[in-house]
Amino acid sequence: MTFLRQVSRILDEEHRNNLDLLGRVEQALARAPRAGAARDPELAKLARAFGEHLERDITRHFEFEERELFSRMADAGEGDMAALLAEEHDAIRIVAGEILPLTRAAGSDGLDDAGWEALRRGALEMVERQVAHIQKETMALLPLLDDLLDEETDREIAFAYATL
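Read left to right, the sequence shown gives residues 22 to 185 (my numbering).
As structure tokens, this is what we get:
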């Protein structure tokens, strides 16, 4: 899908990058043994990258959408969609909060087999939630922004996002 506005294109690119990482996480965890994952340095490296993504990108991305976009959606009569996306943000933040300590520990060889199993379950839940959320945003939010934002507003909030 090709988007007209800078904000839509920026968010779409982030979504694509996130989907790539989520796919790698899902595949790695599906292939990882139930026992012994704590001794896999590549899996530990991926867990660390996933944790960094959760801390940095989700926070920045979600806060931007909530601050700059959802109120505009509501003003345009799309308040129900904005509320649904905000609820999903809250649910994703809860799961992220649960698995962040596990990703940090995994990245520093601090997880035993039970910890890796907890990380696996939480990360797979996160993958499922984020993929579904990204699909909703790609199909509903991003096309709406192309209609909702004028050129000047698009430029202003794209710049604001870039400086976060």
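We treat Cβ as the ideally placed atom computed from N, Cα and C, and that holds for glycine.
Hey, quick one: how far does the alpha helix (DSSP H) through residue i stretch, first residue to last?
i, result
"E172", "172-183"
"D111", "100-128"
"T23", "Looking at the DSSP string, T23 is not in any alpha helix (DSSP H), and its letter there is neither H nor E."
"G131", "Here G131 belongs to no alpha helix (DSSP H), and DSSP marks it neither H nor E."
"E63", "62-74"
"D78", "Note, D78: premise wrong, no alpha helix (DSSP H); not H, not E."
"E53", "Checking the sequence shown, residue 53 turns out to be Ala, not Glu. Per DSSP, A53 belongs to no alpha helix (DSSP H) and is neither H nor E."
"M19", "The displayed coordinates of the chain run from 22 to 185. Any statement about residue 19 would go beyond what the structure contains."
"L162", "Segment: none, L162 is in no alpha helix (DSSP H) and carries neither H nor E."
Pull up the distance between the alpha-carbon of residue i and that of residue j, whole angstroms please.
i, j, result
"D167", "H154", "19 Å"
"R25", "E138", "A small fix is needed here, since residue 25 is Leu in this sequence, not Arg. Their backbone Cα atoms lie some 43 Å apart in a straight line."
"A183", "A135", "40 Å"
"E89", "R150", "22 Å"
"Q6", "L132", "The chain is shown from 22 up to 185; residue 6 falls before or after that span and cannot be answered."
"M94", "L64", "40 Å"
"L163", "D33", "8 Å"
Can the beta-carbon of residue i be found less than 8 Å from the beta-carbon of residue j?
i, j, result
"A179", "I31", "yes"
"L50", "R141", "yes"
"T23", "G72", "no"
"A112", "E87", "no"
"V46", "V148", "yes"
"F91", "A103", "yes"
"A161", "A68", "no"
Is there a Cβ from chain C that is less than 8 Å from the Cβ of residue i?
i, result
"R141", "In the structure shown, chain C cannot be found, because there is only a single protein chain."
Check whether the Cβ of residue i sits closer than 7 Å to any heavy atom of the ligand PLP, and report yes or no.
i, result
"A51", "Only the bare structure without any ligand can be found here, which leaves the ligand PLP out of the picture."
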